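Residue numbers (full-length UniProt numbering): 1 to 116.
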């Protein structure tokens, strides 16, 4: 389910970026929660699977925190240096997609590399 979730997330994010309203986008978007549910229900089947899950969840959490706090901080810092108050120019609504991508990428990297 890790590869299916990664592929579905990449296609779904690409379709959202391109503002595609095609039916296949909804069909592909169905596989993202399906693979997450399957992985969540089997996460404690053994120690290896639990380590995959915990590593991927930690990466997704770190990316979410970084996505929500670092760009607005640097944007405010830069606007303060330049002396213009243009408001928030960098949207933070992509955090769920970044978290899903981080989860699946880390999950599959850990699975491919083993217990390094």
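C-beta: ideal position from N, C-alpha, C; glycine also. Just so you know, these numbers come straight off a predicted model, no measurement behind them.
query: Three-way DSSP call (helix, strand, coil) for residue 43 in this model; result: coil
query: Extent of the continuous alpha helix (DSSP H) run through residue 105; result: 95-113
query: Segment contact, 8 Å Cβ cut-off, at least three pairs: the stretch 63-73 with the stretch 32-45; result: no
query: Contact check, residue 13 vs residue 68, beta carbons under 8 Å; result: no
query: Counted within 10 angstroms of its Cβ, other Cβ atoms place residue 5 as buried (16 or more) or exposed; result: buried
query: Euclidean distance between Cα positions of residue 36 and residue 93; result: 20 Å
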